[in-house]
Structures are given as C-alpha cells and as structure tokens.
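Chains as they are written, first to last, in our numbering: chain A, 37 to 193; chain B, 729 to 1496.
Cβ atoms here follow ideal geometry from the backbone N, Cα and C, with glycine treated the same way.
Structure, rendered in structure tokens:
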C-alpha cells in the first residue's frame, strides 16, 4: 500500500481533513473520514447520482473523483441547505416533504443538490428542463413526477 | 393530483386519515441525516466480504485460503465446514420439492456468484483483497440455462431431486368442452426477462454481540424475522439472535430473502467483533436474486361476440439454482393468470424450473406481474378476433364480486376494475392525433388484479403495542420494517385518527425482533393490511379502555369523543379533559394506558393436491394507459403520456398513495422498455449499473395517478394494498399502444429498439 497523504478541504463552509490513500475516492473520504454519510454510495461507477456533491460549486459524482483532487478546494453536501441553529428546513426540502418527493430517501440528498444547482443557472425552469437536469440522479421509488413537482414549485418562487 | 371519491364511499369524516402527513423519517431523509444500514460504524469493527463462485456448475475440489490468510489485516476466513448448520430453507408449508440452499457452498456450485467463503478484515480493502486470494479449484460440470431444456430427459440436473421445483395445476369447469364449443380460439406466447430490483441502496448491515450476549444485526431488510433462521444456522438459542431493520433505501422484494445477514452473523459469531458488510452494486447485480423470467402460452376460447369461454394456460418460470420463493411466485402467477376476467373454464399449469442461472425470487408483483403482460395482450387479440374495441371486450368479461378464480374461490369484496377503466378513459380524453412522418402514435390500455396479503394458509398475523403517554403523546411499537413507502407513517396516521391527535404526536418504533411485537415482513403488499389493522385494533381497544375512565371522570352517559388532543362528552365541544389527563387518571386507577393486540388475517384452507380453496385475502384492481410514439426508423418507443388508476379502497395518505402508483408505473415502464439482466451461459453480462438501464427522469413522462377510494377493502378503514399493484400493467399497456400505432404485436420483453425494428421488418416482409 502507498503512503497516506493529508487531504485538507472546505466542507460545507468548515474545515475538514483526512489521511487518505492516493486511490481513495472523495466519496469514501467523505463518508468514512469526515462523517458526511449524507453522501450515499449507490453504485460506485458514477451512474446513479446518489453521491452527488458540489466541488468548487460544480456538480460531481464523488465516487468518480479521487479524494486528493479535492485538496484545498470546497466540497458542498446537502447539509449546506440547513442553516445552523434555527432548525428550519430549506424551502426546497419543505417542497420535497409537501409533495412526497422522497420515498426511501436514498437519492434525495443528490437530487436536492442538483435541483439547487439548476436554480442557479435556470430560474423558473420548465418541467422538461428539470427532467434533463436530474437525469443523472436516478430514483427507483417515486417515478420522478413528485420530484419534478417539488422542484418546479420551489424554483418558480 | 386526482383523488376520486365515488358516492358509495361515504363514511365518517376523518381528521388525519386521507390527509398528507410528513412523518419524522421523511424529514430526516430530506436533511440527509437518516442513518441507513451502511452508515453505521462501531469501535473495533471489521469489514466482511463474500467470496463468490466464478463458474455456474462445478464440484469444488479444494479451497486454498493460505494466501488470503496472509493478507495484512485479515482476521478470519470462514468456509462451509465451519457453518454449524449450513442450510437456508424456506418454510413453505409443504409446498415444492424441499430443496435447501447452503449458506456457503460445500461441494457443489450451482450458479456463478454463489457464496463459497467469507472474510473479515480490518479494512474493506483488505477484506476484498483477501477474498480475491481465496483460490477455489473447480471440476466444472454440465450446466443447464434454459428452463425448457432443463425439463427435457437427460438434461443436467441442478439438484438430484430433479429440475422441476413445482408444478401447480389449477382447474375449473370443462376446458375441453368449452374450447370445442368456442367460435374462435386465440393463441399467444409471451416471454418476460430477468430483471433486477435496482434499489439505490445496495445490501448492507452491521452486526455485534450486545451486552446480553445476543448476536445483533442492524440491516437493510424487509424481514426482521429471519432472526429465527439465523439462530438455526448458528446453532444458537432463538432468543440469542436479534435483527433490527433500518429504514431501507428501497426493497421491492429484493430484501425479502436474507442478503448480508447470514454472512454478517457468521463473521460476528466467529470473531466476536463488530462486523460491517456492504455489497457492491456490481456484486448485487451479479449474484443477488432477480425476477423470474416467465414463458407463458395462452389458448383462449371465445364466443362470436368475444365472451371468454375457456383459458388454457401454461407458465414456465426460471427459478435459477435454488428455490427461494419460487414455489410461491409461480403460485401467485397461476392464481391470477386469467386476469380480472370471469373465466368459467380454466386450466392453468404453472411450473418453476431449476437452472444454473442466478436464483430468482420475490420482486414487486410476485408472479402476478408477469402474467399481466400475457393476459392483457391476449385480451386485445380476442378483441381483434371478433372485430370489437378492446375496451368493450374487457367490460364484457370483467370479473365481479361473487365470481370465482381458477382455484374455485369466490372474490368476496367489491371488484373495482371497471371503475378504474372508466376513470382512466375519462382522464385520457380524445385520442391523440397523427404525428410526423415515420413516427406512429398509439394508445394502449391494460388492467390488472394483484393480491394483497400473504396466502391465507400461512395464518398471517401482526401485533402492535400502543400506549398513551402522560402528556397525551402516543407511542407505537410494531415489528414492521419500512423500506421507504411510509409504512411507519401510515401507522402513525391510523393511531392519530383513533386518539384524535395530530400525526406528529405519534412516535412509531418499528422493526426490532427483540423489542417490537412481531408484525411479519414488509412484502406481499401486506403491511397496511396487517400492521395497519393491528395498530387500528390496539388503538381502538385502548381507546375503549380510556373511554370508560373518561366517561366516569366526566360524569357523562353521552358518547365520549377523542379529538384535538382532548377527550370530551359529545356536544361539549372542546371542554373536557386532555388525552394526557385521561391516561394519568386511568393509570392511577390501575387501567394501564397501553395495549398489545394481535390482528389475525382472514383464514381459509387450500388443498394443495387439487389446487382448490382460498388463496389470498383480497385483491387490488387497476387500469393503466400508455400513449406512445414509435419511431419506425429507429425502433425507439417514446412514452408521451401515462395514466394509472387503482381502487385503493381508502387512501390513508393520498400523496403517498399517488407516489406508490407513480413509482410502480415507472418500474413497470423500465421493465417494458429497457431493463434486462443478460445472462450468457450462466454468467451475468450486465454487472455494471451503466449496463442495467433503469428509467431516468428523461425516459418517462409525468405519471397521472388516480386513486379511487371505493372503500370495500380489508385494510384499515376499507383500504386495499397498493405496494405491488401499480407495477403490473405497464408492459401490456405499452405493447397494446405499439400494436395500435404500428400493427405489430410485441410478445417478448423488453421492447428494445432492436426488437421493435425486427418486429416492424417482419411485418413489412412479403408473405408474413
């Protein structure tokens, strides 16, 4: 085995660090070393989207990124949607609950991040645009209709 | 959203039932804070890995673990000889051949992916490396991969008792006579493929020995009651194994049989350390059980005006290498093979056959899904034969309450299939017009019948403990696992309704074989029917206890009302007592403010020899419609619209019911268009998620869900189960739409562009 190296990065606005192997994925570093278990491991091959995070503001599948590639960069997970303290949910999270857009919830964290990112680039997107945006986030439970409903409602505001 | 409420459903108004509530687990899910099975870590835990066979049929000559044992960080390697009782046997009430399955293969490999050894190591990487270095020497044996070939004399035997696992024969009326008397006989053969559950959460769990010396597993499962089987495997007393189910990331039947449990349990037992085991997606695709491919042959005898006189049906399902739940899957397929149609003369043969393919078992729809493709394609052929609209032929033949299935049992509740068809046609409106050159548009309908609840001869039961706390909060304890459909949420709503509190005043503790009263697994669309009724029963019994106390305290002879967190005499508005005050007063009098109750499902006997008697407690009916565009150049089928309606009896939460219908429909669409686990000579060719195509958001339209609440079901407040029913109709709805668009009838799933093109070419070929 190769030498472990120290990874330092910004995680949801705070400092994070971990000793990782050169071949450790960002997904594994987040889940195992920083306790960011909200980032899910669904396939390990960049297909399902459950491990979606923002790396310097760009959507990536963290299972396809090496941990050391995130060195000195910023990583954002779904926990960033919750402002510390008051316990209030983000309006998009509220919309997901109101519409029943989460069933088993395994895709939800990635789906929420992708939807927020869509809002940055495309205000008030059409349903078609929403479907294209979340095409890389698979859901096996909802059939997508309620997810699109929730995102559409939130981004229309 | 659409929730139709026909007049006859009038009942007492509800406060909580029938509204959308947000249960605590969903809040944790959107926050990202809910801990799934693979999110747990324990101090000093090891990581487990399964060594799997790489050939489909062989004798094991030797297993060399020396190199694996020398990998740094390896603690333990377990082979078959060390498993105290190396048997996984389904308790199927005398059904089938009684073939058992080893936990770890000892001498014989029957499918590629079969577990041979397990490894525990300090890190996942060390465990995987050691697993790679367990060397198995095989003497490869002849294998059989085609069920029909497996039934031929001289075929290689998967098990010594023979390749035929079960042979159900349901018969009613005089089939020969009716076929002879028929004006037309319509024949069709349909085949379905092997598919994967593809829940987004792969199989995972963690295990440890607790302070009580109890081997404890926390796993993603639909069944906590495998604790009994685990105790048998390990030779432990049954009270020394505990299974706690996490909120799972989807199940769909794939977490009904044990997944990681026996391997995890063995490693904890062997090492005395906490152990975590997570299967990779690729491992899951390769080796975990799938849906049965069916080959179905239908001969349908009809009158000149399209009335079905007789059905002669032959079903062969590929069980793969071990029985798992195949006897029951082929049973359910046989029972429902005639569809929601009244067939006076029926002969249904339904066989499960062993092959050296990866085993098949439960998957949402459980045999009743595959036959929907056949009977709903067949009914269109009947319509074609008599030159009438298929909708008219369906209506002419629909079953009604009081009619009988091929098992001779009567359908004893309202059959709402006709209402679901009406609702779908109303929602569809005018037929879509023509489209551009080379693209054809068509509309297809499919109806279905799907059981809810376990077969009656299992004498199913579910228990629930309900308590009212001194502050008026309500606590529920019941063993029901929740794989994501809101099983816990529904129980909270039921108890909230009974005690007149809001759903967020109810806390639901689920799925712990040591701490929650057992309620059976979350499968067979049974949890609302079973744990829902158990919760209703326990809540009502406790409310009766509290009513007596409250009437006394209030000094009233009027009816006592529980509403808004208060308990008062009818007509007194919100005067009276708080629910908490009543609970405290009751306890002070020695009337304990809690109840443990057991709901027993409706019984009924079934005679295996004649295949007659009572099968399932009840059924859910539905109709789906697909509008498709077929590109005749590429063979691509694009869904333009999809409408799905089921009679759910009563929607405990209309939004979650719609979610079940929409999600089921899209799983059915994936099955129709793209999903297939391809197996070549016993080796899974689709072992990457990139190769196993479940629908993405861009592959499907909005699903227009309609929940009819006709109210005559056997669940709480007249509800029917809705977990499995919505997956069934999609393939036939799509096939029927394609047939209308192009004149081509697709009979083999999935409808890939290549297959559609081939069918279009065959249509165009002269003389065809």
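Supposed close pair residue i, residue j - CB separation, criterion 8 Å
i                       : j                       : result
residue 808 of chain B  : residue 830 of chain B  : 6 Å
residue 1351 of chain B : residue 1154 of chain B : Between residue 1154 of chain B and residue 1351 of chain B the Cβ distance is about 11 Å, and since that is not below 8 Å, they are no contact.
residue 1509 of chain B : residue 1169 of chain B : Lying before the first or after the last residue shown, residue 1509 of chain B is absent from chain B, which here runs from 729 to 1496.
residue 1099 of chain B : residue 1024 of chain B : 6 Å
residue 1085 of chain B : residue 839 of chain B  : 6 Å
residue 1360 of chain B : residue 1442 of chain B : The pair is not a contact, with the Cβ atoms about 47 Å apart (cut-off 8 Å).
Span of the beta strand (DSSP E), counted from its first residue to its last, around residue i
i                       : result
residue 1039 of chain B : 1036 to 1048
residue 1372 of chain B : 1365 to 1375
residue 792 of chain B  : 786 to 792
residue 934 of chain B  : 932 to 937
residue 866 of chain B  : 863 to 868
residue 1005 of chain B : 1003 to 1006
residue 55 of chain A   : 50 to 56
residue 895 of chain B  : 892 to 900
residue 990 of chain B  : Counting along the chain, residue 990 of chain B falls outside any beta strand (DSSP E), though it belongs to the alpha helix (DSSP H) covering 989 to 999.
Heavy atom of the ligand ATP within 7 Å of residue i beta-carbon
i                      : result
residue 171 of chain A : Among the components modelled here there is no ligand, and therefore nothing to report on the ligand ATP.
Straight-line Cα distance separating residue j from residue i
i                       : j                       : result
residue 1208 of chain B : residue 1256 of chain B : 10 Å
residue 1428 of chain B : residue 1367 of chain B : 6 Å
residue 1479 of chain B : residue 876 of chain B  : 23 Å
residue 144 of chain A  : residue 757 of chain B  : 7 Å
residue 987 of chain B  : residue 125 of chain A  : 35 Å
residue 1225 of chain B : residue 1293 of chain B : 11 Å
residue 1002 of chain B : residue 802 of chain B  : 14 Å
residue 893 of chain B  : residue 880 of chain B  : 14 Å
residue 1077 of chain B : residue 1036 of chain B : 18 Å
residue 1128 of chain B : residue 1139 of chain B : 7 Å
residue 1290 of chain B : residue 1312 of chain B : 16 Å
residue 742 of chain B  : residue 1217 of chain B : 16 Å
residue 1230 of chain B : residue 1180 of chain B : 28 Å
residue 99 of chain A   : residue 77 of chain A   : 8 Å
residue 1201 of chain B : residue 135 of chain A  : 26 Å
residue 849 of chain B  : residue 1337 of chain B : 51 Å
residue 910 of chain B  : residue 1326 of chain B : 50 Å
residue 976 of chain B  : residue 949 of chain B  : 7 Å
residue 1496 of chain B : residue 1066 of chain B : Because the pLDDT of residue 1496 of chain B is 42, which lies under 50, any placement of that residue in the model is unreliable, and the number read from its coordinates should be weighed accordingly. About 30 Å.
Endpoints, alpha helix (DSSP H) assigned at residue i
i                       : result
residue 1263 of chain B : 1261 to 1282
residue 918 of chain B  : Counting along the chain, residue 918 of chain B falls outside any alpha helix (DSSP H), though it belongs to the beta strand (DSSP E) covering 912 to 919.
residue 152 of chain A  : 144 to 157
residue 852 of chain B  : 852 to 860
residue 1432 of chain B : Where residue 1432 of chain B is concerned, there is no enclosing alpha helix (DSSP H), although the beta strand (DSSP E) it sits in stretches over 1431 to 1436.
residue 1100 of chain B : 1096 to 1114
residue 1401 of chain B : 1382 to 1401
residue 904 of chain B  : 903 to 908
residue 1215 of chain B : 1215 to 1227
Residues bridged to residue i (per DSSP)
i                       : result
residue 1178 of chain B : B:1348
residue 759 of chain B  : None; residue 759 of chain B has no bridge partner.
residue 957 of chain B  : DSSP output for residue 957 of chain B lists no bridge partner at all.
residue 1018 of chain B : B:1088
residue 161 of chain A  : Paired residues: none, contrary to the question.
residue 829 of chain B  : B:816
residue 771 of chain B  : Note: residue 771 of chain B sits in no beta bridge, so no partner.
residue 1193 of chain B : B:1205, B:1324
residue 1069 of chain B : B:1126
residue 1167 of chain B : B:1359
residue 1026 of chain B : B:916, B:1041
residue 1237 of chain B : B:1205
> Going along the chain, which residues of the region 129 to 157 of chain A sit with their C-beta nearer than 9 Å to a C-beta in chain B?
Replying inline: Taking 9 Å as the Cβ-Cβ cut-off against chain B, the residues of the region 129 to 157 of chain A that qualify are 129, 130, 132, 133, 134, 135, 136, 137, 138, 139, 140, 141, 142, 143, 144, 145, 148.
> Closer than 7 Å, Cβ to any Cβ of chain B: which residues of the region 43 to 56 of chain A, in chain order?
Replying inline: Per Cβ criterion, the list is empty.
>> Beta carbons nearer than 8 Å to chain B: which residues of the region 175 to 186 of chain A have them?
In response: Within the region 175 to 186 of chain A, the residues whose Cβ lies closer than 8 Å to some Cβ of chain B are 175, 176, 177, 178, 179, 180, 181, 182, 183, 184, listed in chain order.
>> To be precise: take each residue of the region 1415 to 1433 of chain B, compare its Cβ to all Cβ atoms of chain A, and keep it if any distance is under 7 Å. Which residues remain?
In response: Cβ proximity to chain A below 7 Å picks out 1416, 1417, 1418, 1422, 1424, 1425, 1426, 1428, 1430, 1431 from the region 1415 to 1433 of chain B.
>> Please identify, using Cβ separations under 8 Å, the residues of the region 927 to 954 of chain B that lie next to chain A, in order along the chain.
In response: So the list reads 927, 928, 929, 930, given in the order they occur along the chain.
> At a Cβ cut of 7 Å, what residues of the region 79 to 94 of chain A count as close to chain B, listed as they run along the chain?
Replying inline: So the close ones are 79, 80, 81, 83, 84, 86.
>> Taking beta-carbon pairs under 8 Å, can you tell me which members of the region 1325 to 1348 of chain B lie near chain A?
In response: Cβ contacts with chain A: none found.
> the region 108 to 120 of chain A: which residues have C-beta closer than 9 Å to a C-beta of chain B, in chain order?
Replying inline: Look at the region 108 to 120 of chain A: the residues with a C-beta under 9 Å from a C-beta of chain B are 113, 114, 115, 117, 118.
> What are the residues of the region 1012 to 1039 of chain B that lie near chain A, defined by any Cβ-Cβ distance shorter than 8 Å?
Replying inline: Listed in sequence order: no entries.
> If contact means a Cβ-Cβ distance below 9 Å, which residues of the region 966 to 980 of chain B contact chain A?
Replying inline: The region 966 to 980 of chain B vs chain A, Cβ under 9 Å: 975, 976, 977, 978, 979, 980.
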